[in-house]
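Engineer: Let me begin by handing over the structure; questions about it come next.
2 protein chains.
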Amino acid sequence: MKPTLEIFSQGEEIVCGQVADTNAAWLSQQAMQLGFLVTRHTAVGDKLDDLVGLLKEIAGRADCCLCTGGLGPTTDDLTAEAVAQAFGLPLAFDEVAFAQIQDFFSRRQRVMPDSNRKQALLPRGALRLDNALGTAPGFAVQAGRCWFAFMPGVPSEMRHLFAERILPTLNTRFSLAADRLITLKTVGIGESAIQELLRPITLPEEVAIGYRASLGEVQIKLLFPHAYPEQRLNQLTDAVAAPLGDKVFAVDDSSTGQCSDLVGVIDGLMRQRQLSLAVLETVSRGCLGSLCLTADWLLSSAYYQGVALQDTVCDGSETAQSLAADLLASGADCALVQLFTDNREGFADRGQATGISIYLLTPDASHLAQHRLSGPAANKQQQAALLSLDVLRRYLQGRLH
Amino acid sequence: MKPTLEIFSQGEEIVCGQVADTNAAWLSQQAMQLGFLVTRHTAVGDKLDDLVGLLKEIAGRADCCLCTGGLGPTTDDLTAEAVAQAFGLPLAFDEVAFAQIQDFFSRRQRVMPDSNRKQALLPRGALRLDNALGTAPGFAVQAGRCWFAFMPGVPSEMRHLFAERILPTLNTRFSLAADRLITLKTVGIGESAIQELLRPITLPEEVAIGYRASLGEVQIKLLFPHAYPEQRLNQLTDAVAAPLGDKVFAVDDSSTGQCSDLVGVIDGLMRQRQLSLAVLETVSRGCLGSLCLTADWLLSSAYYQGVALQDTVCDGSETAQSLAADLLASGADCALVQLFTDNREGFADRGQATGISIYLLTPDASHLAQHRLSGPAANKQQQAALLSLDVLRRYLQGRLH
Numbered sequence: 002m003k004p005t006l007e008i009f010s011q012g013e014e015i016v017c018g019q020v021a022d023t024n025a026a027w028l029s030q031q032a033m034q035l036g037f038l039v040t041r042h043t044a045v046g047d048k049l050d051d052l053v054g055l056l057k058e059i060a061g062r063a064d065c066c067l068c069t070g071g072l073g074p075t076t077d078d079l080t081a082e083a084v085a086q087a088f089g090l091p092l093a094f095d096e097v098a099f100a101q102i103q104d105f106f107s108r109r110q111r112v113m114p115d116s117n118r119k120q121a122l123l124p125r126g127a128l129r130l131d132n133a134l135g136t137a138p139g140f141a142v143q144a145g146r147c148w149f150a151f152m153p154g155v156p157s158e159m160r161h162l163f164a165e166r167i168l169p170t171l172n173t174r175f176s177l178a179a180d181r182l183i184t185l186k187t188v189g190i191g192e193s194a195i196q197e198l199l200r201p202i203t204l205p206e207e208v209a210i211g212y213r214a215s216l217g218e219v220q221i222k223l224l225f226p227h228a229y230p231e232q233r234l235n236q237l238t239d240a241v242a243a244p245l246g247d248k249v250f251a252v253d254d255s256s257t258g259q260c261s262d263l264v265g266v267i268d269g270l271m272r273q274r275q276l277s278l279a280v281l282e283t284v285s286r287g288c289l290g291s292l293c294l295t296a297d298w299l300l301s302s303a304y305y306q307g308v309a310l311q312d313t314v315c316d317g318s319e320t321a322q323s324l325a326a327d328l329l330a331s332g333a334d335c336a337l338v339q340l341f342t343d344n345r346e347g348f349a350d351r352g353q354a355t356g357i358s359i360y361l362l363t364p365d366a367s368h369l370a371q372h373r374l375s376g377p378a379a380n381k382q383q384q385a386a387l388l389s390l391d392v393l394r395r396y397l398q399g400r401l402h
Numbered sequence: 002m003k004p005t006l007e008i009f010s011q012g013e014e015i016v017c018g019q020v021a022d023t024n025a026a027w028l029s030q031q032a033m034q035l036g037f038l039v040t041r042h043t044a045v046g047d048k049l050d051d052l053v054g055l056l057k058e059i060a061g062r063a064d065c066c067l068c069t070g071g072l073g074p075t076t077d078d079l080t081a082e083a084v085a086q087a088f089g090l091p092l093a094f095d096e097v098a099f100a101q102i103q104d105f106f107s108r109r110q111r112v113m114p115d116s117n118r119k120q121a122l123l124p125r126g127a128l129r130l131d132n133a134l135g136t137a138p139g140f141a142v143q144a145g146r147c148w149f150a151f152m153p154g155v156p157s158e159m160r161h162l163f164a165e166r167i168l169p170t171l172n173t174r175f176s177l178a179a180d181r182l183i184t185l186k187t188v189g190i191g192e193s194a195i196q197e198l199l200r201p202i203t204l205p206e207e208v209a210i211g212y213r214a215s216l217g218e219v220q221i222k223l224l225f226p227h228a229y230p231e232q233r234l235n236q237l238t239d240a241v242a243a244p245l246g247d248k249v250f251a252v253d254d255s256s257t258g259q260c261s262d263l264v265g266v267i268d269g270l271m272r273q274r275q276l277s278l279a280v281l282e283t284v285s286r287g288c289l290g291s292l293c294l295t296a297d298w299l300l301s302s303a304y305y306q307g308v309a310l311q312d313t314v315c316d317g318s319e320t321a322q323s324l325a326a327d328l329l330a331s332g333a334d335c336a337l338v339q340l341f342t343d344n345r346e347g348f349a350d351r352g353q354a355t356g357i358s359i360y361l362l363t364p365d366a367s368h369l370a371q372h373r374l375s376g377p378a379a380n381k382q383q384q385a386a387l388l389s390l391d392v393l394r395r396y397l398q399g400r401l402h
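Spelled out as structure tokens, the structure:
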């Protein structure tokens with residue numbers, strides 16, 4: 002059985018929605034990859050009773066808890082006080098912590114405000130976690146079945162403390178065996194269509210399958226237990242990939258840390274083959290160029306309203322061919338041209354679908370793809386950009402047909 | 002006493018940290034502005050027992066709970082089932098919901114997969130919340146002291162359902178006395194520079210000030226208690242706005258629901274004055290065009306690597322003037338041209354700053370702005386787009402000098 006782990010965040014700015022809790026997401030990823038079962042995230046504000054109650058709950062429920070926030074010098078920073086009350090560990094002045102806080106200010110040639118003295122008060126018996134980047138030391142306590150580690154809420158300090166002080170301790174305190182996550186990334190097919198295609202495949206009970214859809218991209222996640230036989234893992238991955246065919250643009254493996262995206266895959270192939278591209282973004286209006294921000298192989302990307310309004314409401318193949326030929330004449334190796342095929346007027350209406358043509362012209366191939374875009378204008382825009390890039394990806398991978 | 006509200010998110014992708022829970026942040030802001038006391042956020046994955054336990058906890062603790070996720074068609078979407086178990090409300094097939102789901106697919110000329118049938122199963126007695134944007138209807142139930150509203154996790158669908166179906170109900174079910182939030186939106190100035198400018202201003206204790214910085218934009222938030230005297234509110238808002246001068250592009254007021262963004266402000270002014278624009282996006286590479294997605298007044302937006310590489314590493318004013326004149330010759334009323342002034346090579350390096358010129362040419366004015374961009378390439382790109390748009394905004398508001 003994997004040890005369970007919860008994430009606990011303290012801060013009015015999180016509970017009131019001024020910031021999204023990116024610390025919780027980051028810590029969860031770290032914990033998962035280490036081999037914990039992450040079961041819950043909780044965020045509360047600066048009410049002492051809420052904090053005390055929550056800490057007691059977690060102490061009876063989880064094996065480990067990673068906590069952020071509430072370690073600052075101000076009166077609404079209540080974490081140490083809450084730990085003291087929840088677990089009967091009165092606050093004690095930590096001379097070493099205090100010396101570090103004084104040192105932090107003197108190195109910056111600033112006078113330490115009196116309020117920072119409070120940060121040297123730690124629950125009795127807590128393990129101090131030295132913080133080289135800020136004034137607040139972290140600390141850890143065992144309470145009930147749960148080992149709690151408390152870190153500052155400032156992301157850079159939190160990450161530093163986690164990597165330097167907490168990670169080594171987790172590996173010695175817990176018996177951890179990491180699962181292996183294989184992620185198949187697809188573009189140009191919806192989540193339910195994927196599920197239909199995968200319905201005939203029966204996975205062994207110990208292998209979990211999950212889906213994640215974002216604009217234009219659906220991921221299929223296969224979670225294998227620790228030390229799952231390599232050959233069987235590859236067979237199952239291939240079995241899931243097969244019905245999806247050329248919709249799969251990358252297969253990532255958590256054991257290598259590899260994390261691909263569509264632009265990254267294309268970037269590698271364009272560099273390898275030393276090709277360049279010019280794009281007419283009639284539909285995605287800058288979104289494709291914007292996604293390829295640092296790509297040297299993207300020679301130009303343009304949007305003209307004239308094209309969009311007058312010439313393109315048609316099946317587009319002839320117009321597209323001539324526009325693409327112009328782009329090649331300007332010196333690019335490949336050209337991508339987007340045209341509206343129908344209902345350009347409905348583009349901004351989230352209730353209406355709009356038809357587009359995507360035409361790719363290269364030295365040795367040409368391809369016309371047609372799609373219907375739906376949803377709000379920004380979704381249609383992003384779909385158009387990703388579907389266009391995907392035509393290029395399939396060409397580069399030799400999978401256009 | 003304000004009614005208490007919790008946010009509950011379901012999804013392995015949140016608990017495992019694949020995505021930060023931006024839905025929770027957005028919903029908290031909405032709830033706060035309505036007059037709720039937001040007390041807790043909780044996220045759990047797709048374990049049925051966890052879900053059931055958590056729903057029961059919240060039913061005994063909060064007056065209202067806004068829930069997202071777990072309404073999809075797949076087997077790991079368990080919210081309706083968990084509600085059924087937690088509150089003894091067996092699932093029942095909802096004919097109207099099913100007709101809506103079928104309609105969703107037929108309007109898109111797609112066949113409904115069998116798995117979507119599950120989305121028409123709602124807990125007995127639940128209020129159905131029709132979802133015009135996706136296949137999953139939301140629903141609401143009263144359980145214990147708490148009114149629960151369940152929404153899809155896809156942010157666009159969630160926001161739509163909240164605005165159209167839940168907000169009106171909250172206002173009738175709860176006695177809400179909203180605080181009043183005034184938001185000053187600025188561009189082209191950093192958070193610490195703003196804090197320095199505002200240091201001399203003393204606000205009354207009952208008025209809270211907060212800051213929120215995102216790429217290129219900093220917001221100053223003034224929270225006034227319910228029914229705060231109008232005249233005093235205006236005086237204090239003006240006192241905060243004055244030192245910020247023309248950096249403030251909009252002042253939003255939660256009591257009117259007004260929420261401005263830079264593109265929206267420009268859009269209104271361009272339409273009013275019937276002006277058109279052409280842009281050379283040498284630096285922002287499609288990002289500006291992409292932000293102005295549905296703007297008819299944006300006649301063209303283009304990026305050419307040739308321009309970026311050869312002609313532009315200079316102070317840029319002569320090159321920019323000539324490029325802008327070309328754009329006006331093509332028929333636009335206004336032209337915006339971005340050029341690199343130095344360290345184009347360092348653009349992709351997050352540790353290096355890059356200099357840019359932004360040149361605006363209009364029938365009655367011209368203006369050259371110079372900036373240094375820093376951070377990762379995507380940040381530099383977005384800064385370039387927003388700073389360019391802001392030159393146009395200041396021209397349109399008569400604030401160029």
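Quick mapping for you: the protein sequence lines, in order, are chains A and B. Each number in our numbering comes from the position in the first sequence (counting from 1) with 1 added on. Each number in our numbering comes from the position in the second sequence (counting from 1) with 1 added on. Even for Gly, the Cβ is constructed at its ideal location relative to N, Cα and C.
Report back the beta-carbon spacing between B:C147 and B:A60 to the nearest angstrom; my notes put them in contact at under 8 Å.
Structural biologist: On the second sequence, residue 147 of chain B is found 146 positions in, with the first residue counted as 1. On the second sequence, residue 60 of chain B is found 59 positions in, with the first residue counted as 1. Contact holds; Cβ gap of about 5 Å.
Engineer: Measure from the C-beta of B:S375 to each C-beta in chain A and report whether the shortest distance is under 8 Å.
Structural biologist: Residue 375 of chain B sits at position 374 when you count from the first residue of the second sequence. Under the 8 Å criterion on CB atoms, B:S375 is classed as non-interfacial with respect to chain A.
Engineer: CB B:D64 to CB B:L6, shorter than 8 Å?
Structural biologist: Taking the first residue of the second sequence as position 1, residue 64 of chain B is located at position 63. Taking the first residue of the second sequence as position 1, residue 6 of chain B is located at position 5. Yes; because the gap between Cβ atoms is below 8 Å, this pair is in contact.
Engineer: Output the boundary residues of the alpha helix (DSSP H) element that contains A:T342.
Structural biologist: Walking along the first sequence from the start, residue 342 of chain A turns up at place 341. Here A:T342 belongs to no alpha helix (DSSP H); instead the beta strand (DSSP E) covers C335 to D343.
Engineer: Apart from the five residues just before and just after B:R129, which ones in its own chain have a Cβ nearer than 7 Å to its Cβ?
Structural biologist: Within the second sequence, the letter at position 128 stands for residue 129 of chain B. Within the same chain, B:R129 has close Cβ partners D95, V97, A98, L123, P138 and F140.
Engineer: If the cut is a Cβ gap below 7 Å, which residues of chain B does A:R351 touch?
Structural biologist: As a working mapping, residue 351 of chain A is identified with position 350 in the first sequence. The contacting residues are L134.
Engineer: Does the CB of B:C17 have a neighbour CB from chain A at under 8 Å?
Structural biologist: The count along the second sequence starts at 1 and reaches residue 17 of chain B at position 16. Output row for B:C17: interface = yes.
Engineer: Please report whether the beta-carbon of A:H227 lies at a distance below 8 Å from any beta-carbon of chain B.
Structural biologist: The residue labelled residue 227 of chain A in the question sits at position 226 within the first sequence. With 8 Å as the cut-off, A:H227 does not count as an interface residue toward chain B.
Engineer: For B:M33, decide whether its Cβ has a neighbour in chain A, counting only Cβ atoms nearer than 8 Å.
Structural biologist: Here the question's residue 33 of chain B lines up with position 32 in the second sequence. So yes, B:M33 belongs to the interface.
Engineer: Alpha carbon to alpha carbon, how far is A:R166 from A:D131?
Structural biologist: As a working note, residue 166 of chain A is residue 165 in the first sequence. As a working note, residue 131 of chain A is residue 130 in the first sequence. Distance between the alpha carbons of A:R166 and A:D131: 8 Å.
Engineer: Suppose you measure from the CA of B:Q110 to the CA of A:V188; what does that come to, to the nearest Å?
Structural biologist: Counting from 1 along the second sequence, the entry for residue 110 of chain B is found at position 109. Counting from 1 along the first sequence, the entry for residue 188 of chain A is found at position 187. The straight-line gap from Cα to Cα measures roughly 19 Å.
Engineer: Compute the Euclidean distance between the alpha carbons of A:I15 and B:L67, then round it to the nearest angstrom.
Structural biologist: Here residue 15 of chain A is taken as the residue at index 14 of the first sequence, counted from 1. Here residue 67 of chain B is taken as the residue at index 66 of the second sequence, counted from 1. Distance between the alpha carbons of A:I15 and B:L67: 16 Å.
Engineer: Pairing CB atoms from the segment 251 to 258 of chain B with CB atoms from the segment 276 to 291 of chain B, are three or more of them under 8 Å?
Structural biologist: no
Engineer: Identify each residue in the segment 177 to 197 of chain B for which the Cβ-Cβ distance to at least one residue of chain A is less than 8 Å, and report them in chain order.
Structural biologist: none
Engineer: Rounded to a whole number of angstroms, what is the C-alpha to C-alpha distance between A:S1 and A:S157?
Structural biologist: For chain A, the structure presents residues 2 to 402; residue 1 of chain A sits outside this window and is missing.
Engineer: Checking 8 Å against the spacing of the C-beta atoms, do A:L185 and A:I210 come in under that value?
Structural biologist: The sequence position of residue 185 of chain A within the first sequence is 184, counting from 1. The sequence position of residue 210 of chain A within the first sequence is 209, counting from 1. Against a cut-off of 8 Å, the Cβ pair of A:I210 and A:L185 comes out as no contact.
Engineer: Roughly how many angstroms lie between the CA atoms of B:A385 and B:A378, to the nearest whole one?
Structural biologist: Walking along the second sequence from the start, residue 385 of chain B turns up at place 384. Walking along the second sequence from the start, residue 378 of chain B turns up at place 377. Roughly 10 Å between the two C-alpha positions.
Engineer: Near A:Q34, what residues of its chain come up, given a Cβ to Cβ distance below 8 Å and the 5 sequence neighbours on each side ignored?
Structural biologist: Numbered from its first residue, the first sequence carries residue 34 of chain A at position 33. For A:Q34, where only same-chain residues beyond five positions count, the Cβ hits under 8 Å are A179 and S255.
Engineer: Quick one, which of B:H372, B:A228 and B:L390 has its alpha-carbon nearest B:R181's?
Structural biologist: Working through the second sequence from its first residue, we reach residue 181 of chain B at position 180. Ranking B:H372, B:A228 and B:L390 by Cα distance to B:R181 puts B:A228 first.
Engineer: Cα separation between A:Q382 and A:R345?
Structural biologist: As a first step, residue 382 of chain A is located in the first sequence; it is residue number 381 there, counting from the start. As a first step, residue 345 of chain A is located in the first sequence; it is residue number 344 there, counting from the start. Going from the Cα of A:Q382 to the Cα of A:R345 covers about 12 Å.
Engineer: Quick one: is A:L168 near chain B, going by C-beta distance under 8 Å?
Structural biologist: Within the first sequence, numbered from 1, the residue matching residue 168 of chain A stands at position 167. No, A:L168 does not count as interfacial toward chain B.
Engineer: Return the residue from the list A:V84, A:I190, A:G376 and A:A330 that minimises the CA-CA distance to A:K248.
Structural biologist: Here residue 248 of chain A corresponds to residue number 247 of the first sequence, with the count starting at 1. Here the closest residue by C-alpha is A:I190.
Engineer: My output table needs one value for B:M159: the three-state DSSP class, helix, strand or coil.
Structural biologist: Position 158 of the second sequence holds residue 159 of chain B. Looking at B:M159 - three-state DSSP - the assignment turns out to be helix.
Engineer: Using the three-state DSSP reduction, which class does B:A25 fall into: helix, strand or coil?
Structural biologist: Taking the second sequence and counting its residues from 1, the one referred to as residue 25 of chain B is at position 24. Three-state result, B:A25: helix.
Engineer: If we call anything under 8 Å between Cβ atoms a contact, is A:L369 one with A:S358?
Structural biologist: Position 368 of the first sequence holds residue 369 of chain A. Position 357 of the first sequence holds residue 358 of chain A. Yes, the pair counts as a contact, with Cβ atoms nearer than the cut-off.
Engineer: Drop a sphere of 10 angstroms on the beta-carbon of B:I8, count the other beta-carbons inside from all chains shown, and report buried for 16 or more, exposed for fewer.
Structural biologist: In the second sequence, the residue the question calls residue 8 of chain B occupies position 7. Buried: at least 16 other Cβ atoms inside 10 Å.
Engineer: Compare the Cα-Cα distances from B:A83 to each of B:E58, B:I102 and B:D104 and report the closest residue.
Structural biologist: Locating residue 83 of chain B in the second sequence gives position 82, where the first residue counts as 1. Measuring from the Cα of B:A83, the nearest candidate turns out to be B:E58.
Engineer: Among A:P205, A:A26, A:T320 and A:E218, which one has its Cα closest to the Cα of A:T238?
Structural biologist: Along the first sequence, one-based indexing puts residue 238 of chain A at 237. Comparing Cα-Cα distances from A:T238 to each of A:P205, A:A26, A:T320 and A:E218, the minimum goes to A:P205.
Engineer: Check whether the Cβ of B:V53 lies closer than 8 Å to any Cβ atom in chain A.
Structural biologist: Along the second sequence, read from residue 1 onward, the residue named residue 53 of chain B stands at position 52. Answer no: the Cβ-Cβ gap between B:V53 and chain A never drops below 8 Å.
Engineer: Less than 8 Å between CB atoms is the rule here; does A:G287 satisfy it with respect to chain B?
Structural biologist: Working through the first sequence from its first residue, we reach residue 287 of chain A at position 286. At least one chain B Cβ lies under 8 Å of A:G287.
Engineer: Taking any Cβ of chain B, which residues in the segment 330 to 356 of chain A have a Cβ under 8 Å from it, in chain order?
Structural biologist: F348, A349, R351, G352 and A354
Engineer: Do B:V338 and B:L281 count as a contact pair if the criterion is CB distance below 8 Å?
Structural biologist: Taking the second sequence and counting its residues from 1, the one referred to as residue 281 of chain B is at position 280. Taking the second sequence and counting its residues from 1, the one referred to as residue 338 of chain B is at position 337. Taking C-beta atoms as the reference points, B:L281 and B:V338 count as a pair closer than 8 Å.
Engineer: Distance cutoff 8 Å, beta carbons only. Does A:Q382 sit that close to anything in chain B?
Structural biologist: Taking the first residue of the first sequence as position 1, residue 382 of chain A is located at position 381. Interface residue, yes.
Engineer: If you scan the segment 80 to 124 of chain B from start to end, which runs of the alpha helix (DSSP H) of 4 or more residues do you find wholly inside it?
Structural biologist: 80 to 88 and 96 to 108
Engineer: Between B:I195, B:A144 and B:S389, which lies nearest to B:A242 when the distance is taken from Cα to Cα?
Structural biologist: Within the second sequence, numbered from 1, the residue matching residue 242 of chain B stands at position 241. Measuring from the Cα of B:A242, the nearest candidate turns out to be B:I195.
Engineer: Who are the neighbours of B:L117 on chain A, taking C-beta pairs under 7 Å?
Structural biologist: By one-based count along the second sequence, residue 117 of chain B stands at place 116. It should be noted that the sequence gives Asn, not Leu, for residue 117 of chain B. By Cβ distance, chain A contributes S193.
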